[in-house]
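Residues in the sequence shown are numbered from 134 upward in steps of one, following our numbering.
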Amino acid sequence: MNLAQLLVRTAQVFADRPALYLGDQLVCDYRGLEQRVAHVGGYLRQRLHLQPGDRVGILMSNVPEYLEVLYGCWFGGLVVVPINAKLHPKEAEYILCDSGAAALFVSADLAPGMEPLLSGLPDLRAVLTPGTPEYSALYRAEALTQAAHSERDDLAWLFYTSGTTGRPKGVMLSHGNLLTMIACYIADIDMPQAQDSVIYAAPISHAAGMLNFPHVMAGAAHIVPVSAGFDPAELVELAAHRGKLSMFAAPTMVKRLVDYIEESGKGASGFKTILYGGGPMYLEDIRQALRVMGDCFAQIYGQGETPMTITALGRYHYRNTRHPRYEQRLASVGVAQSFVEVRVGDASGMPIAVGETGEVLVRGASVMMGYWNNPEATARAIRDGWLFTGDMGAMDEDGFLTLKDRSKDVIISGGSNIYPREVEEVLLQHKDVQEVSVVGRRDPEWGEVVVAFVVARRGAALHAKELDALCLCNIARFKRPKHYRFVEALPKSNYGKVLKTELRELLAAEAAAVPQKIQAVS
Ligand code: AMP
Numbered sequence: 134m135n136l137a138q139l140l141v142r143t144a145q146v147f148a149d150r151p152a153l154y155l156g157d158q159l160v161c162d163y164r165g166l167e168q169r170v171a172h173v174g175g176y177l178r179q180r181l182h183l184q185p186g187d188r189v190g191i192l193m194s195n196v197p198e199y200l201e202v203l204y205g206c207w208f209g210g211l212v213v214v215p216i217n218a219k220l221h222p223k224e225a226e227y228i229l230c231d232s233g234a235a236a237l238f239v240s241a242d243l244a245p246g247m248e249p250l251l252s253g254l255p256d257l258r259a260v261l262t263p264g265t266p267e268y269s270a271l272y273r274a275e276a277l278t279q280a281a282h283s284e285r286d287d288l289a290w291l292f293y294t295s296g297t298t299g300r301p302k303g304v305m306l307s308h309g310n311l312l313t314m315i316a317c318y319i320a321d322i323d324m325p326q327a328q329d330s331v332i333y334a335a336p337i338s339h340a341a342g343m344l345n346f347p348h349v350m351a352g353a354a355h356i357v358p359v360s361a362g363f364d365p366a367e368l369v370e371l372a373a374h375r376g377k378l379s380m381f382a383a384p385t386m387v388k389r390l391v392d393y394i395e396e397s398g399k400g401a402s403g404f405k406t407i408l409y410g411g412g413p414m415y416l417e418d419i420r421q422a423l424r425v426m427g428d429c430f431a432q433i434y435g436q437g438e439t440p441m442t443i444t445a446l447g448r449y450h451y452r453n454t455r456h457p458r459y460e461q462r463l464a465s466v467g468v469a470q471s472f473v474e475v476r477v478g479d480a481s482g483m484p485i486a487v488g489e490t491g492e493v494l495v496r497g498a499s500v501m502m503g504y505w506n507n508p509e510a511t512a513r514a515i516r517d518g519w520l521f522t523g524d525m526g527a528m529d530e531d532g533f534l535t536l537k538d539r540s541k542d543v544i545i546s547g548g549s550n551i552y553p554r555e556v557e558e559v560l561l562q563h564k565d566v567q568e569v570s571v572v573g574r575r576d577p578e579w580g581e582v583v584v585a586f587v588v589a590r591r592g593a594a595l596h597a598k599e600l601d602a603l604c605l606c607n608i609a610r611f612k613r614p615k616h617y618r619f620v621e622a623l624p625k626s627n628y629g630k631v632l633k634t635e636l637r638e639l640l641a642a643e644a645a646a647v648p649q650k651i652q653a654v655s
């Protein structure tokens, strides 16, 4: 089934319900949204002569037109290639070239940066920018009368992974993959209702955009914030005004929202479901979040290769405060989602004992069809039907998975494995620590040593000694950071993930500079 059918059905059942808002301004109802979508599809298929399976690049910040472009492409049987709006134009150019995109939707803020590179993209037939007369002409193109038929395994979304090493790879997600993801969301996270709203405070090109599906199905309202991004004051106001507001947020955004609500004294009423994921949520932070905002949270663990669909921590578990392992569960990423199998395995994929740390493996209908034009990488990632996630974790006897770290983030010091997350959890117990990130630095004696980057709470004076004492009370001596770096802020992606690679690079660059300095002195 084509994903566009979700919208077609809702436009029939809930034609007059408000579909899309910019802030508190209504843009269109579901009937209007479907009409726009049919025109976008008509333009791409009939004017540009794109064929089913052709790729369409979407390089847009969060603008109200995002949804009509996504569904317009699917309506026409085309494949969307949403691109992270924060990428350098040259990185976007690589993705457009690699995917062979035949058309590009680019928002007005990003169009000037792309302009000089467009002539180098031979497959590109048209570039469209919302708000321009050319874009408005789309709405006058002959509309498609019905959505294209798509099979379960037809490609719907090419998702380029952030790729910390080498070039990003295009993850091939089919209509069936995404339908499975939606089924898991409804079973394990939330069943949206027509009175609900979903707000896109994080990039629609990524996890936040995935929330559109269950909310389209329900006939709920979609809100693009006026700030086009994450502004805690705007969110709190909209939540109070609309009520039943759901959103996706990276854990670092949840923390900022919670801090804002706590400091401003504003209420947290109006939030229905705040779904977090994409990076570690520390125990101290989720405890504070529950205290300040109440029981409106759910967690999801996934990755581009099985979008949003590995494990989940649902409402029930946050409420089950009397369970003897409540705290461990809060610090975990929950249990396998309803329609996938999850296992912790050894290097060959065989399951390992309960409580042992190994690689997280996933099998099920949400797992990607492979990497675009890259069978070698596909064969490395999917073996015997299992997706090897590259994440290290351990499962308890009840099936709760605790993530340790990405295998590449594990620090090996003096031959022992140190999982940064464990050290970070301890440091965050200090009342003056706002944020922390632990990475390894190359060391001639130990292989690697542990370095902690720490952001202190505003106005607090933090000392390495206090933090070291805290570690001594809580973790083995060899896991303690050898160095502390007090910084104003941690580098983050626009999805709110802490960029450990940048921290490691900073340390490597400093280490490379030191011998030169010594040489210069001698
Ligand atoms: P991406 O493919 O860019 O969405 O990144 C996926 C990676 O983010 C996963 O492989 C994990 O390393 C990390 N991740 C996703 N969700 C969580 C979560 N709930 N807790 C901790 N890490 C997560």
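Glycine residues also receive a C-beta, built at the ideal position from the N, C-alpha and C atoms. Given the structure is predicted, the values throughout are model-derived calculations rather than measurements.
Cβ-based burial, residue i [other Cβ within 10 Å; buried from 16]
| i | result |
| --- | --- |
| F611 | exposed |
| K650 | For K650, the predicted structure reports a pLDDT of 40, less than 50, and the residue's modelled location is therefore unreliable. A value from the coordinates is still provided. Classification for K650: exposed. |
| A236 | buried |
| M483 | exposed |
| E201 | buried |
| N453 | exposed |
| M324 | exposed |
| N310 | buried |
| L159 | exposed |
| P413 | buried |
| R574 | buried |
| R637 | buried |
| R424 | exposed |
| I545 | exposed |
| R613 | buried |
| H616 | exposed |
| C606 | exposed |
| S232 | buried |
| Q470 | buried |
| G186 | exposed |
| Q652 | Any reading at Q652 needs caution, since the residue's pLDDT is 33, under 50, leaving its predicted position unreliable; the model's value is listed next. Q652 comes out exposed. |
| R591 | exposed |
| D162 | buried |
| E172 | Reading off the sequence, residue 172 comes out as His, not Glu. By the 10 Å Cβ count, H172 comes out buried. |
| S655 | Reliability of the predicted coordinates at S655 is poor, the pLDDT of 25 falling under 50, and the value obtained from them is presented with this limitation in mind. Burial call: exposed. |
| S283 | buried |
Nonlocal neighbours in the same chain, by C-beta distance under 7 Å from residue i, ignoring five residues either side
| i | result |
| --- | --- |
| G264 | A241 |
| S307 | R285, D286, D287, L288, A289 and M502 |
| D256 | G233, A234 and A235 |
| A593 | D565 |
| M343 | M314, P440 and M441 |
Own chain partners of residue i with C-beta closer than 6 Å, once the 5 adjacent residues on each side are dropped
| i | result |
| --- | --- |
| P624 | L632 and E635 |
| A419 | Note on identity: in this sequence residue 419 is Ile, with Ala being the wrong assignment. Excluding sequence neighbours, I419 sits near L463. |
| A642 | none |
| V357 | L155, N195, P197 and Y333 |
| H348 | P325 and V331 |
| V214 | R188, G190, S232, A234 and L291 |
| A341 | Y333, A335 and F381 |
| R386 | Reading off the sequence, residue 386 comes out as Met, not Arg. So the list reads F363 and G629, once near-sequence residues are dropped. |
Own chain, CB closer than 8 Å to residue i, minus 5 neighbours either side, in chain order
| i | result |
| --- | --- |
| L166 | L140, A144, A152, L153, L200, E201 and Y204 |
| W519 | R476, G478, G482, L494, V495 and R496 |
| I216 | G190, I191, L192, A225, I228, L229, Y293 and S338 |
| T297 | Unreliable positioning characterises T297 in this predicted model, as indicated by a pLDDT of 48, which lies under 50. The coordinate reading is nonetheless provided below. Only K541 and T634 meet the Cβ criterion. |
| S570 | P553, E557, A585, F586, L623, V631, K633 and L636 |
| H563 | L595, E599, L600 and L603 |
Beta-carbon spacing of residue i, residue j below 8 Å
| i | j | result |
| --- | --- | --- |
| Y628 | A422 | no |
| C317 | S465 | no |
| A372 | G403 | yes |
| A431 | R448 | yes |
| P266 | M247 | no |
| E530 | V487 | yes |
| Y434 | E558 | no |
| D542 | A445 | no |
| T511 | V473 | no |
| D517 | M525 | no |
| W505 | M305 | yes |
| V620 | V583 | no |
| G352 | R150 | yes |
Would you say the stretch 328-346 touches the stretch 371-379, given that touching needs at least three Cβ pairs under 8 Å?
Judged by Cβ distances under 8 Å, the stretch 328-346 makes contact with the stretch 371-379, as three or more pairs qualify.
Touching by the beta-carbon criterion (3+ pairs, under 8 Å), the stretch 270-278 and the stretch 168-182
Under the three-pair Cβ rule at 8 Å, the stretch 270-278 counts as touching the stretch 168-182.
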